[in-house]
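These notes concern the structure reproduced below.
Residue numbers (this note's numbering): 51 to 335.
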């Protein structure tokens with residue numbers, strides 16, 4: 051029986067320009083698929099409210115072409131809202147979601163434990179149910195979901211089989227105030243819908259996979275393998291970030307830089323001065 055060719059993806063958000071860290075992620079995903087004759091997908095994650103700018107998605111396509119990466123584009127997240135809503139309704143019908151009106155500052159003040167995403171929600175609105183109203187989020191009752199799922203595992207191509215430990219996140223938000231679905235819910239559903247068989251993304255998202263594996267079990271979704279690659283960092287050890295002024299790929303492209311040469315340098319791990327790859331699983335933002 052032949053093994054299906056892998057499907058990998060690159061899923062940027064159009065709320066800022068792509069930079070060298072994105073180029074490394076895209077090339078890693080592209081090459082992971084190409085090495086076995088597979089498919090490389092581009093998915094635009096454009097549900098971040100007013101911060102999502104359609105013109106940046108056009109820029110992303112030009113950047114990938116400039117780097118010499120061939121891809122097949124799939125539906126952006128803005129066209130998948132009904133799927134997210136249906137999944138949330140399914141989890142709600144199972145009694146696994148509950149409404150919460152706590153603000154981030156209230157969570158930070160009340161929390162006594164820290165998780166991969168910051169303060170762990172202390173369960174305020176689980177113990178004191180919210181009867182209704184506006185400006186609510188919906189949280190996953192992690193203890194109940196984990197008990198229902200039972201023991202789960204997932205496999206990372208670089209680090210082997212992992213026991214799923216979603217409880218380290220506490221009751222994560224799956225339906226947001228400012229956007230339809232959280233990253234956890236949307237990305238899990240998208241990868242299943244797109245037939246992604248190798249989820250290729252940075253080591254900074256390694257811990258999130260514990261939650262995604264649980265959601266796959268709850269929603270009856272296929273289980274891919276994961277490939278968490280190193281993350282490009284600045285000299286201070288922090289991830290290269292749009293908000294800290296990382297040089298945009300589009301600026302390099304418009305300045306006449308050779309995109310194919312840049313892609314070759316990235317594959318050879320030759321980066322700009324002071325930049326290097328980090329294998330740390332939870333990097334400073």
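All C-beta atoms in this analysis are idealised placements derived from N, C-alpha and C, irrespective of residue type, glycine included.
**OP:** Would you mind reading off the limits of the beta strand (DSSP E) that contains residue 58?
**Re:** If you number the chain shown from 1, residue 58 lands on position 8. First-last of the beta strand (DSSP E) with residue 58: 57-60.
Original post:
When the Cα atoms are used, what is the spatial distance from residue 86 to residue 149?
Top reply: Looking up residue 86 in the chain shown gives position 36. Looking up residue 149 in the chain shown gives position 99. Rounded to whole angstroms, the separation of the alpha carbons of residue 149 and residue 86 is 44 Å.
**OP:** Decide yes or no for the touch test of the region 91-98 against the region 275-282: beta carbon pairs closer than 8 Å, at least 3 of them.
**Re:** Touching, no, given that fewer than three Cβ pairs across the two stretches are closer than 8 Å.
**OP:** Mind listing, in chain order, the continuous alpha helix (DSSP H) runs of no fewer than 4 residues lying wholly within the region 174-261?
**Re:** DSSP runs (the alpha helix (DSSP H)) wholly in the region 174-261: 174-177, 192-199 and 233-243.
Subject >> Supposed contact pair residue 264 and residue 3 - C-beta distance, whole angstroms, cut 8 Å >> reply: Residue coverage of the chain in this structure runs from 51 to 335, which leaves residue 3 outside it and unanswerable.
**OP:** Measure the alpha-carbon distance for residue 68 versus residue 320 and round it to whole angstroms.
**Re:** One-based indexing of the chain shown puts residue 68 at position 18. One-based indexing of the chain shown puts residue 320 at position 270. Linking residue 68 to residue 320 through their CA atoms gives a straight-line distance of about 18 Å.
**OP:** Report the option in 130, 231 and 101 whose CA atom is closest to the CA atom of residue 138.
**Re:** Taking the chain shown and counting its residues from 1, the one referred to as residue 138 is at position 88. Minimum Cα distance to residue 138 is reached at 231.
**OP:** Excluding the 5 residues preceding and the 5 following residue 312 in the sequence, name in chain order all residues of the same chain whose CB lies nearer than 6 Å to its CB.
**Re:** By 1-based counting over the chain shown, the position of residue 312 is 262. Exclusion of the five residues before and after residue 312 leaves no residue of its chain whose Cβ lies closer than 6 Å to its Cβ.
Original post:
Residue ranges of each beta strand (DSSP E) run of no fewer than 3 residues wholly in the region 78-121, ordered along the chain?
Top reply: Scanning the region 78-121 from its first residue to its last, the whole beta strand (DSSP E) runs of 3-plus residues come out as 89-92.
Original post:
Near residue 161, what residues of its chain come up, given a Cβ to Cβ distance below 6 Å and the 5 sequence neighbours on each side ignored?
Top reply: Position 111 of the chain shown, counting from 1, holds the residue named residue 161. These residues qualify, in order along the chain: 169, 170 and 172.
Original post:
According to DSSP, which residues form a beta bridge with residue 152?
Top reply: Along the chain shown, read from residue 1 onward, the residue named residue 152 stands at position 102. Secondary-structure assignment with DSSP links residue 152 through no beta bridge to anything.
Original post:
Smallest Cα separation from residue 322: which of 153, 73 and 272?
Top reply: In the chain shown, counting from the first residue as 1, residue 322 sits at position 272. Of the candidates 153, 73 and 272, the residue whose Cα lies closest to the Cα of residue 322 is 73.
Original post:
Can you give the Cα-Cα distance for residue 329 and residue 267, rounded to whole angstroms?
Top reply: For the purposes of this step, residue 329 is taken as the residue at position 279 of the chain shown. For the purposes of this step, residue 267 is taken as the residue at position 217 of the chain shown. Approximately 28 Å, taken between the alpha carbons.
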